[in-house]
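Enquirer: Okay, handing you the structure first.
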Amino acid sequence: MPEPLDAYRPAEIGALIETAGVAKAALPAGRMLVLAVLAGCFIGFGAAVWCVAMAGVDPGFGPGRVLGGVVFALGLILVVVGGAELFTGNALMVMAAVDRRITVGALLRNWGIVWIGNLIGAAGLALAFGMAGLAEGPMGAAALRAAEAKAGLGPVEAVVRGALCNALVCLAIWLSFAARSVTDRVLAVLWPVTAFVALGLEHSVANMFLLPLGWIAGGEVSLAGAVGNLLWVSLGNVIGGAGGVALAYRLAYPAMAGK
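Everything in the sequence shown is counted per the working numbering, starting at 148 for the first residue and increasing by one.
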């Protein structure tokens, strides 16, 4: 007989994510902010290595985009394995809110504090890279191209790309909850993240790093363009993660409510 799958099943994953959502909502504000700053730095490191991989490469086509996705996955691996509070991943907390295990107010409190903490961590890391002279040369040129393209996106494109991106990010986190080892968790995260980066989708926290780094590198990135991108992409991230993944699985596995 075939061996049983050594992973949690989808209904069990849902119950684990709901329990995690309750714990996240109960975090003291100070601890939540620190963990959010860490997550912003973690995603920023992944985006920085992406800039290195894309330096001198055609950003619009080819295997370079896949390589960029593979190295960018470092950010979410650090979040998932190391432990941190990431705005995009916390869209899955909607499952706990739907089952009334946390209040809507607690959900919005978490999202607000974590979004701000992610911004502090990611933008602060971009500033540190600039002070270290790492925004110059090919790496800075890659960040510059990315930042100008992101700031130039229209609202509809930004929202839809954000929704598609966070569907894949939340699926990566969903799969990581099925894992029983660190190796399994890393592999579960790797491929969905590689896909969203290779496809050119929009991740709000990565943009919190790339937009300021591109501006530091000399890119023509206006404050209005950067703020608009972050707001529209964040909205799309919520739609894709909360609606496209969290609520879809909650409807598919209603028996996990209250576990």
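Using N, Cα and C, we set each Cβ at its ideal position, and we do this for glycine too.
Would Val-306 be called buried (16 or more neighbouring beta carbons within 10 Å of its own) or exposed?
Expert: With 16 or more other Cβ atoms within 10 Å, it is buried.
Enquirer: Taking the CB atoms as reference points, tell me whether Cys-312 and Gly-388 lie closer together than 7 Å.
Expert: It is not a contact, given that the beta carbons lie outside the stated cut-off.
Enquirer: Give every residue of the same chain whose Cβ lies closer than 8 Å to the Cβ of Ala-314, excluding the five residues on either side of it in the sequence, and list them in chain order.
Expert: The answer, listed in chain order, is Gly-387, Gly-388, Gly-391 and Val-392.
Enquirer: Are the CB atoms of Asn-376 and Ala-270 nearer to each other than 7 Å?
Expert: Contact flag unset, no.
Enquirer: Over the uninterrupted alpha helix (DSSP H) stretch that includes Arg-256, give me the two end residues.
Expert: First-last of the alpha helix (DSSP H) with Arg-256: 251-278.
Enquirer: Does DSSP classify Asp-331 as helix, strand or coil?
Expert: Looking at Asp-331 - three-state DSSP - the assignment turns out to be helix.
Enquirer: Which term fits Glu-367, buried or exposed, when burial requires 16 or more other beta carbons within 10 angstroms of its beta carbon?
Expert: So Glu-367 counts as exposed.
Enquirer: In angstroms with no decimal places, state the Cα-to-Cα distance between Ala-289 and Leu-180.
Expert: Cα-Cα distance, rounded: 30 Å.
Enquirer: Can you give me the C-alpha to C-alpha distance between Val-251 and Thr-166, rounded to a whole angstrom?
Expert: The alpha-carbon atoms of Val-251 and Thr-166 are separated by roughly 16 Å.
Enquirer: Rounded C-beta distance between Val-385 and Val-227? I'm assuming under 8 Å.
Expert: Not confirmed; about 20 Å, so no contact.
Enquirer: To the nearest angstrom, how far is the alpha carbon of Val-199 from that of Arg-247?
Expert: In a straight line, the C-alpha of Val-199 is about 44 Å away from that of Arg-247.
Enquirer: Between which two residues does the alpha helix (DSSP H) holding Pro-285 run?
Expert: Here the alpha helix (DSSP H) through Pro-285 covers 284-298.
Enquirer: Quick check on this structure: which residue in Phe-343, Ala-294 and Leu-322 has the alpha carbon closest to the alpha carbon of Ser-369?
Expert: Considering only alpha carbons, the answer is Ala-294.
Enquirer: Are the beta-carbon atoms belonging to Arg-397 and Val-204 less than 7 Å from one another?
Expert: No. Outside cutoff.
Enquirer: Thinking C-alpha only, which one of Gly-177, Cys-188, Leu-378 and Met-201 is nearest Gly-284?
Expert: Nearest option by C-alpha distance: Met-201.
Enquirer: Can you give me the C-alpha to C-alpha distance between Ala-395 and Leu-358, rounded to a whole angstrom?
Expert: Going by the C-alpha atoms only, they are around 32 Å apart.
Enquirer: In its own chain, which residues sit with a C-beta less than 6 Å from the C-beta of Val-217, not counting the 5 before and 5 after it?
Expert: For Val-217, where only same-chain residues beyond five positions count, the Cβ hits under 6 Å are Thr-341.
Enquirer: Run through the region 303-365 for me and flag every whole alpha helix (DSSP H) of 4 or more residues, listed as ranges in chain order.
Expert: The qualifying runs are 329-345 and 351-363.
Enquirer: As a quick exercise: from Val-261, Arg-212, Leu-239 and Ile-249, pick the residue whose alpha carbon is nearest that of Glu-232.
Expert: Measuring from the Cα of Glu-232, the nearest candidate turns out to be Val-261.
Enquirer: Could you check if Pro-210 is buried or exposed, using at least 16 other CB atoms within 10 Å of its CB as the buried criterion?
Expert: It is exposed - the Cβ of Pro-210 has fewer than 16 other Cβ atoms within 10 Å.
Enquirer: Is it the case that the Cβ atoms of Ile-164 and Phe-343 are separated by a distance below 7 Å?
Expert: No, the Cβ-Cβ distance between Ile-164 and Phe-343 is not below 7 Å.
Enquirer: Determine the direct distance from the alpha carbon of Cys-188 to that of Glu-349, and round the result to whole angstroms.
Expert: Computed Cα separation, rounded: 17 Å.
Enquirer: Pick helix, strand or coil for Ile-164, following the three-state DSSP scheme.
Expert: Ile-164 falls in the helix class under three-state DSSP.
Enquirer: Roughly how many angstroms separate the alpha carbons of Val-418 and Tyr-400, rounded to a whole number?
Expert: Since the first residue of the chain shown is 148 and the last is 406, residue 418 is not available in this structure.
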